[in-house]
Structures are given as C-alpha cells and as structure tokens.
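Colleague: Under the working numbering, the first residue of the sequence shown carries the number 906, and numbering increases by one thereafter. Note that beta-carbon positions come from the ideal geometry of N, C-alpha and C, so glycine has one too. My questions will all concern the structure given below.
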Amino acid sequence: MELTLNRPARLNAFNEDLHQRLAATLDEAEEESCRAVLLTGAGRGFCAGQDLGDRVNAAGPLDLGTTIERYYNPLVRRLRALPKPVICAVNGVAAGAGANIALACDIVLAARSARFIQAFARIGLIPDSGGTFTLPRLVGDARARALMLLAEPVEAELAAQWGMIWKTVADEGLMDEARRLTAHLATQPTQGLARIKAALNASATNDLDSQITLERDLQREAGRTPDYREGVAAFMEKRSPRFTGRPA
C-alpha cells in the first residue's frame, strides 16, 4: 500500500484533515491483504511538520499537548506497532514532526537532495512525535542534542552516514527504489516481520533477561505460522518460498 501526504502547497504540513485522512488509510493497512506500507510526500517535500497557519488562526488559548495526544502520538505509536513493514521515502525536506514521523518508520530512504530538520527550537518548542526518544538512539546523545538545540538541517547523505536513515537514493530513482523495496517486503513472511518489529520495539526498554524471554515467546509464535513451514519446505526443496503472510 502506498500512502502519499498530499498538501504540496504547504509542503505536506499536517492539519486536522490530513491527520484524519492518514489515520483512515492506516486503518486499511491493518487488513491482512496489505503486507507492506510505503509512506511518502507529494511535490517537493516530504512533510514540514505542523501547519502553523492553523495555530495562528486558532480561537482562544492553545493547548499543544492536546494536538499531540490526539494526533501525533497515536500516529507514531501506530507506525511502530503496525504488524507489517513501513518504508518511508523522504523526497525533500522533512522538518519538525515531519522528520520524526519519517524516523518512526521501519526503513527510511531519502533522496540525495532531502534534508532533516529538528526545527522546534526555532519557535520555542521541544521536539515531539517521538523525536527525543528516537533520535538519540539513532545518532547518539551528542549529535541529537546539537541537532535539537541548534535546529540545523542534516543533509540526506550525512543522515545516512550517521545511521539516522537506511540510505540515500538519487532523486530521480527514489520512488522506483522505494516501490521495489516495498514490493519485495510484501512477498516476505509477514508474520515473522511483524515479530521482528515487536522485538525491536521492546528492546529499547528491556533488560537482557526480559528481551531473550520475549525472543523465546515470539519465536514460539513464529514457528507456528504457515510461512515458517513454507520457508523450511522451500529450503529443503531448493526452491523459492511462496509466503502468504497469513497468521494461520
């Protein structure tokens, strides 16, 4: 399934309508027929974060925590927990919440002209959408602190060198590569991939004993899936596996 943030005139900045439409489309991605998700942006940028025009025109005092609790936090939780791989193709600037939503995906490809900006400090805010959790784990504490406090952009090539993203792709080849990768993952053992995600998500906060216990439990579940049986049969028969992604 391919999802495109489609407010190109606003660099795909989020407003309430875009949040609601993305949430509805992710509902469809939960269906068994969808086995991989590709997220990208329309036009010359991936996402500029929150549409500040909505803030300027809001009536009464603002409670930014309400917006985070209602929209951004559920989106980040959903991308991380979705039981299938989520690929993000960053086709231009990814700023503020847009950068952190990209980093919440499983595999991030970026056009060489793309940039990632923790822009929050420029307007007196803190990074949200999981940024203060995700970025230090990707690039280390020193780099994360500097990027957030200085709000300096990171070019895609440097982001890849630092381990912030998977890799960069020539601008003209970004979507072809992203679609190729998504199509490949859609043919793989979906139930096993879902458990890989679950294990990695838990590893951020588990100690070793808790993590290897979880590995045992997830491996037990994976070993009961049709795709595991098919994978073993294909290996023994020296043929390509035909995974279905079905839970049973």
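Are the CB atoms of residue 908 and residue 934 within a distance shorter than 9 Å?
Modeller: Taking 9 Å as the Cβ cut-off, residue 934 and residue 908 qualify as a contacting pair.
Colleague: Assuming residue 1102 is part of the alpha helix (DSSP H), what are its boundary residues?
Modeller: 1095–1108 is the extent of the alpha helix (DSSP H) around residue 1102.
Colleague: Within 10 Å of its beta-carbon, does residue 1137 have 16 or more other beta-carbons around it, so buried, or fewer, so exposed?
Modeller: Residue 1137 is exposed by the Cβ-count criterion.
Colleague: By the three-class DSSP mapping on this structure, what secondary structure does residue 999 have?
Modeller: If DSSP states are grouped into helix, strand and coil, residue 999 belongs with the strands.
Colleague: Helix, strand or coil for residue 1128, going by three-state DSSP, please let me know.
Modeller: Looking at residue 1128 - three-state DSSP - the assignment turns out to be coil, as it is neither helix nor strand.
Colleague: With C-beta atoms as the reference, is residue 1027 less than 9 Å away from residue 1059?
Modeller: No, these two residues do not count as a Cβ contact at 9 Å.
Colleague: Over what stretch of residues does the beta strand (DSSP E) that includes residue 1073 continue unbroken?
Modeller: 1072–1074 is the span of the beta strand (DSSP E), which, as asked, contains residue 1073.
Colleague: Just list the residues that DSSP pairs residue 950 with in beta bridges.
Modeller: DSSP output for residue 950 lists 998 as bridge partner(s).
Colleague: Spatial neighbours of residue 1034 within its chain, please: CB distance less than 6 Å, with the 5 preceding and 5 following residues excluded, ordered by chain position.
Modeller: Around residue 1034: 977, 981, 1002, 1005, 1006.
Colleague: Less than 6 Å between C-beta atoms, sequence neighbours within five positions excluded: which residues of the same chain meet that for residue 1063?
Modeller: None.
Colleague: Does DSSP put residue 1016 in a helix, in a strand, or in coil?
Modeller: DSSP places residue 1016 in strand when its eight states are reduced to three.
Colleague: Going by beta carbon distance, what residues of the same chain come within less than 6 Å of residue 943, once the five residues before and after it are set aside?
Modeller: Closer than 6 Å at Cβ, skipping near neighbours: 907, 992, 1083, 1087.
Colleague: When we look at the beta-carbon of residue 1066 and count the other beta-carbons within 10 Å, is it buried (16 or more) or exposed?
Modeller: The residue in question, residue 1066, is exposed, as its Cβ has fewer than 16 Cβ neighbours within 10 Å.
Colleague: Under a three-way DSSP split, which group does residue 1031 fall into?
Modeller: Residue state, collapsed to three classes: coil.
Colleague: Determine the direct distance from the alpha carbon of residue 969 to that of residue 957, and round the result to whole angstroms.
Modeller: The straight-line gap from Cα to Cα measures roughly 11 Å.
Colleague: Which whole-angstrom value is the C-beta distance of residue 1009 and residue 972, which I expect to be below 8 Å?
Modeller: With a Cβ gap of about 17 Å, residue 1009 and residue 972 do not count as contacting.
Colleague: Answer yes or no: do residue 988 and residue 1102 have a C-beta to C-beta separation smaller than 9 Å?
Modeller: The answer is yes: Cβ separation under 9 Å.
Colleague: Under 7 Å Cβ to Cβ from residue 1147, same chain only, skipping five residues before and after it: list those, please.
Modeller: Here the set comprises 1135.
Colleague: Helix, strand or coil: how does DSSP classify residue 1023 here?
Modeller: Three-state DSSP puts residue 1023 in coil, outside helix and strand.
Colleague: In or out: residue 919 buried (at least 16 other Cβ within 10 Å) or exposed?
Modeller: The residue is buried, with at least 16 neighbouring Cβ atoms inside 10 Å.
Colleague: Three-state secondary structure (DSSP) at residue 919?
Modeller: Three-state result, residue 919: strand.
Colleague: Can you pull the DSSP bridge partners for residue 955?
Modeller: Bridge partners of residue 955: 919.
Colleague: In chain order, what are the residue ranges of uninterrupted beta strand (DSSP E) at least 3 long that sit wholly in the stretch 1037–1069?
Modeller: Within the stretch 1037–1069, no complete beta strand (DSSP E) run reaches 3 residues.
Colleague: Beta carbon of residue 1120, beta carbon of residue 1104: below 9 Å?
Modeller: Going by C-beta atoms, residue 1120 is nearer than 9 Å to residue 1104.
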